[in-house]
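The listed protein sequences derive, respectively, from chains A and B. In terms of the working numbering, the first sequence opens at residue 1 and continues consecutively. In terms of the working numbering, the second sequence opens at residue 1001 and continues consecutively. Beta carbons are placed, not taken as given, at the ideal position from N, Cα and C, and that holds for glycine. One structure is given below, encoded as structure tokens.
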Amino acid sequence: MSHLLKNKELKELAKIYDWVSMCTHCGNCKYGYEYGPTSNFAAMLCVQGDKFNFDSYRGSRGKVSLARSLLHNRIGWSDKVAHVLFTCTSCGACQQMCETDIKPWILRMFETLRYEAWKQNVAIPENIKAWSSTIGTLYNPYKEPHEKRLDWLPSDVKASLPKKAEYIYFAGCTASYRRKQLARATVSLLKKLKVDFTVVADEWCCASPLLRTGQYDLAAKFVEHNKALPEKYGASAFITTCSGCYRTLGRDYTMDAPEGYADKYGKMTGVKVLHTTHLLEEMLNKGEIEFTGSFNKKVTYHDPCHLGRHAEVYETPRNVLKAVPGLQLVEMYRNRKFSFCCGAGGGVRGGFADYSLETAGKRVKEAEATGAELVTSACPFCYTNLADAIELNKSPLKMEDIVEIIEPIVKRK
Amino acid sequence: MARGNKEILANLEQIVGPEYVSNEEADLQPYTWDMTWAEPRMPDYVVMPKTVTEVQRVLRLANHRKIPVIPYCNGTNIGGLCVPEEGGIIMDLKKMDRILKIDPETCYAVIEPGVSHAAFSAALKATNPQWKGEEFSKGFEFGWGVHPPSASVLAMAINHGIGHLNGRLGINSQLMSSMEVVLPTGEVAKIGSCAYSDSWHSFLPLPRMDGLFTGWLGTTGIVTKLGVWIFPIRPYKDVLTIAAASAEDITKYMVRWRHYSLCDEVTAVSWWLAQIPIVFPYSPKPADAPEFFSYTVISGWSQEELDYKRKMWKEVVAKERAKGTKLIDFEYPPEAKKGRTELPSRIVGSTKNYSKSCGGGIAWPGTFAPCKSWPILYEKWKEIYIRHGLSPATRFTDYQGAHYGMLRCMTPFNKRDPASVQAARDAMVECVRAGLPEGMLPYKPPVEYQNELNAVADAGYLYLMTKIKDMLDPNNIMNPGKLGIR
Ligand SMILES: Cc1cc2nc3c(=O)[nH]c(=O)nc-3n(C[C@H](O)[C@H](O)[C@H](O)COP(=O)(O)OP(=O)(O)OC[C@H]3O[C@@H](n4cnc5c(N)ncnc54)[C@H](O)[C@@H]3O)c2cc1C
Ligand code: SF4
Ligand code: SF4
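Take a look at the structure:
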């Protein structure tokens, strides 16, 4: 039996067949595991497999196998294929486990499969289709008017913002339209810390939802537009509180395939991309931050997949939290590279709200088991899903972003 | 696209619930193939039972309607054993994933088929050997292989799996202590001590009926619970290494060292298997490199015990050298040592060591063979492999007692290239054919090896095997086509 590439119509997928065909079907990606003298971790990490059970849904193996089956012309497109593709949250846990040469290509392959799916007559989730039909003119996936993008910004702050600055605070769509308090807390924090930043009215969606759902053509103008912002505002860096934006600006805009999309949209160069926690950690290390109060709570930190597994930023947010007076940081069993996704990514929150919230509910239960009073994270999108699940499950937990914890109790030294 | 028939689908949905059955090709496709050359075959349904009753009801339905049933846990057997030769129902047992008991006093555990090596090792490591509350040491272990940690412990054990304690304790099917099985006709039977009480500690002194379901590749029933012996983790461990210029010399050393029964494992790998990844396609080894590298794992309860074993090992090496056996000193890199003492491992258990950049195919002639056949067969296999453009990435591992052990050749190949697939398949079948007269027997055999076995088997053996199969599975629904007898 040989694996001949027969279906040449799936051009994007065929292009990466060299990598797809490196998968040995070993199944390492179906379960999280590490063993050693100090670690002994074993847990299900695949959100999708946890819910939909069959091997088609478990880890990358099911989807690599699907890609091959399509490329070998052994199966055709169907609504079920779309379901398998669009219920994956792109959390990257499977990629974390894989050890063969397909590893770096796994998430890119998921997105490529989705790209191909859009061209077929299959059931792309209605809600994804709905936001996709307006994002090209509204520049956000929430179907909100672009003119209202900066409505979250207090007018006094707005008036005081410079036209040009070192940093552009890139709020992202979720903070701008749905979690405005996070955007407000971030600008307040940046002001307190005397950071030279501005906020721009012509920020567009970073294109994360488009790239993650395989909408390559639509994404192009977003990348092009946002890439031009630093030059326009004399900035040398983007700073963002959103892990999705961080991943997209910091990797998709700037790195070659498979980590980024420079192969499609060119490379953004000369611009730094920071997550807010990076700046906080740096200033803490330099002794530039003074705490004016404490935060006397037991807190557990949820790793956003886009910051953690996608960008390998695990310790920075923890270091920031550990510096907060009074804060007791406790870990969930599944943490860092073995974290469990909140269930929102990869277009899943939009496409399958119930399943997404069910996943977040599982994560909330895990957070409860630590005995923490509060769960924190570093992403408005994780915030939304976890906070909704807390409410839905009547959990005693509270949810606050790291920025919300820090902002009230710091000043610049 | 959906497959199968609506009525059967509805029946299966009634039994396991609609969430746990599918007849959609998109769901069926991962079950059509594995890493070997096995021709992909589409099943018609996949079901995921959660209870023994559900397993029984699915089997009764399948038996009544004469539909093949393929037991499946993770499909990593490297033999195409879960590829549904004649379509039918894949019974994916991953939802039956409970560790039902860990008895830290009698030192056994009871597990369901879906318990992975990862989950089992984590649970065992967290349980301490004890007697009436008094703890003796830290953690238990079982025989961990070098497979993906997601693979099933039960599926491994009932198919004569090989773990890291095989030198000390034998292969994993020798560590089984009791079982529960659902017959193809739907009845449930307990075998061993568990048939008489809730103690799952031993098959003996009863007739060994577990043999009806061990090594049968899922063709005689579904094992739904398995008792296995577990062993206290010894706190002191070391890996001792030596190389040799030939298969003959490394075998001499291994057999002498095994004579003393002092190690947990002794294994030798040819130069090609020692390369990461395995050299593909074949290229010769450097002339001055040893042909074989060997490691042995020793363990103990104290430094003194370890020192004694190390001393004895040095004596063995010295004695062999004195006789003229060419043994070459070499040190394992720390990573490789870890790979031998920290099992199961996601790194070791991944396939990266074998198949980097070569097109996803992996298979082996994996066999049990008398130790004295190793050097003879190695030379034969090497010739066959090189002729087919493949590296003779061979492994010898001694099993408890110096009677016999593993002889296998891990073989990467390029699935994108029909010629590469054919060459790998042909070479491996030829190796099996060459080995049978020397006492070698393939384990977890793909259909092609099974046919080779049947061609030379004792007629009475095949008659008995067929009779047992017919008695247990009158409609030949269990994983049909795998034994080559029906
Ligand atoms: C890289 C690599 C290294 C490996 N190294 C080792 C090793 O060191 N030692 C070793 O032993 N194996 C090894 N293997 C082989 C394999 O991983 C193991 O045998 C493994 O335990 C099989 O588990 P599975 O869940 O994949 O079983 P599957 O492949 O799903 O099943 C194996 C067989 O058992 C049958 N079966 C499954 N469940 C049941 C049941 N409940 N009742 C009856 N029949 C059943 C199936 O029909 C099939 O015939 C290796 C594999 C790989 C890929
Ligand atoms: S990305 Fe996450 S949800 Fe998707 S298959 Fe991998 S582990 Fe599962
Ligand atoms: S994606 Fe990687 S870990 Fe998963 S089956 Fe393929 S090779 Fe193995």
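Exercise. Spell out a yes or no on whether the segment 358-377 of chain A and the segment 391-400 of chain A are touching, meaning 3 or more CB-CB pairs, one atom from each, closer than 8 Å.
Key: yes
Quiz item: Can we count B:ILE1276 as close to ligand 3, meaning its CB is less than 6 Å from some heavy atom?
Solution: no
Quiz item: Given that a residue counts as buried once 16 or more other Cβ atoms are within 10 Å of its Cβ, and exposed if not, what is B:PHE1413?
Solution: buried
Self-check item: Own chain partners of A:ILE289 with C-beta closer than 6 Å, once the 5 adjacent residues on each side are dropped
Solution: MET283, VAL410
Self-check item: Residue from A:PHE238, A:LYS6, A:CYS205 with nearest C-alpha to A:VAL223
Solution: A:CYS205
Practice problem: Run the proximity test for A:THR100: is its beta-carbon closer than 6 Å to any non-hydrogen atom belonging to ligand 3? | Solution: yes
Quiz item: On the three-state DSSP scale, how would you describe B:ASP1398?
Solution: strand
Quiz item: Going along the segment 1109-1142 of chain B in order, which residues come within less than 7 Å of chain A, judged by CB to CB distance?
Solution: SER1116, ALA1118, ALA1119, SER1121, ALA1122, LYS1125
Quiz item: Between A:SER90 and chain B, is there a C-beta pair that is closer than 7 Å?
Solution: By this cut-off, A:SER90 is not an interface position.
Quiz item: Going straight from the alpha carbon of A:THR213 to that of A:LEU107, what length do you get?
Solution: 11 Å
Quiz prompt | Beta-carbon proximity list for A:LYS322, same chain, < 8 Å, skipping 5 on both sides | solution = LEU329
Self-check item: Endpoints, alpha helix (DSSP H) assigned at B:ARG1057
Solution: Per DSSP, B:ARG1057 belongs to the alpha helix (DSSP H) from 1052-1065.
Quiz item: Between the Cα of B:VAL1456 and the Cα atoms of B:MET1478, B:ARG1433, B:ASP1470, which residue gives the shortest distance?
Solution: B:ARG1433
Quiz item: Could you give the distance in angstroms between the alpha-carbon of B:ARG1387 and the alpha-carbon of B:TYR1295?
Solution: 29 Å
Quiz item: Applying the criterion that 16 or more other CB atoms from any shown protein chain within 10 Å of the CB defines a buried residue, is B:GLU1134 buried or exposed?
Solution: exposed
Quiz item: Using a C-beta cutoff of 7 Å, does B:LYS1380 count as contacting chain A?
Solution: no
Exercise. Locate the alpha helix (DSSP H) running through B:MET1179, then write down its first and last residues.
Key: From DSSP, B:MET1179 is part of no alpha helix (DSSP H) but of the beta strand (DSSP E) over 1176-1182.
Quiz item: Between which two residues does the alpha helix (DSSP H) harbouring A:LYS191 extend?
Solution: 180-192
Quiz prompt | Between the CA atoms of B:ASP1097 and A:TYR414 - distance to the nearest angstrom | solution = The requested residue 414 of chain A does not occur in the structure, where chain A is confined to residues 1 to 413.
Exercise. Could you spell out the range, first to last residue, of the beta strand (DSSP E) harbouring A:LYS298?
Key: From DSSP, the beta strand (DSSP E) with A:LYS298 extends over 298-301.
Quiz item: What's the call for B:HIS1259, buried or exposed, on a 16-neighbour Cβ count within 10 Å?
Solution: Flag for B:HIS1259 reads exposed.
Practice problem: At 8 Å on the CB atoms, spell out the chain A contacts of B:ASN1074, in chain order. | Solution: GLY27, LYS30
Quiz item: If you measure from the beta carbon of A:TYR35 to each beta carbon in chain B, is any gap under 7 Å?
Solution: yes
Quiz item: In whole angstroms, what separates the C-alpha of B:LYS1338 from that of B:VAL1239?
Solution: 9 Å
Exercise. For B:ARG1003, decide whether its Cβ has a neighbour in chain A, counting only Cβ atoms nearer than 7 Å.
Key: no
Practice problem: Indicate whether A:THR376 and A:GLU391 have their beta-carbon atoms separated by less than 7 Å. | Solution: Contact: no.
Self-check item: Start-to-end residues for the alpha helix (DSSP H) that takes in A:VAL84
Solution: 79-86
Quiz item: B:PRO1370 bridges to which residues according to DSSP?
Solution: In DSSP, B:PRO1370 forms a bridge with B:TYR1404.
Quiz item: Excluding five sequence neighbours on each side, which residues of the same chain lie with their C-beta closer than 6 Å to the C-beta of B:ARG1416?
Solution: Hits under 6 Å: GLY1359.
Quiz item: In three-state terms, what does DSSP make of B:THR1495?
Solution: The question about residue 1495 of chain B has no answer, for chain B in this structure spans 1001 to 1486.
Quiz prompt | Residues bridged to A:ARG412 (per DSSP) | solution = A:ILE289
Quiz item: How is A:LYS119 classed by DSSP in three states: helix, strand or coil?
Solution: coil
Quiz item: Can you find a C-beta in chain A that's less than 7 Å from the C-beta of B:MET1035?
Solution: Yes, because at least one Cβ of chain A sits closer than 7 Å to the Cβ of B:MET1035.
Self-check item: Distance cut-off 6 Å: A:VAL64 Cβ against heavy atoms of ligand 3
Solution: For ligand 3, at least one heavy atom lies less than 6 Å from the Cβ of A:VAL64.
Quiz item: Cβ of B:GLN1029 less than 7 Å from any chain A Cβ?
Solution: yes
Practice problem: Give the secondary structure of B:GLU1085 by DSSP, where H, G and I count as helix, E and B as strand, and everything else as coil. | Solution: coil
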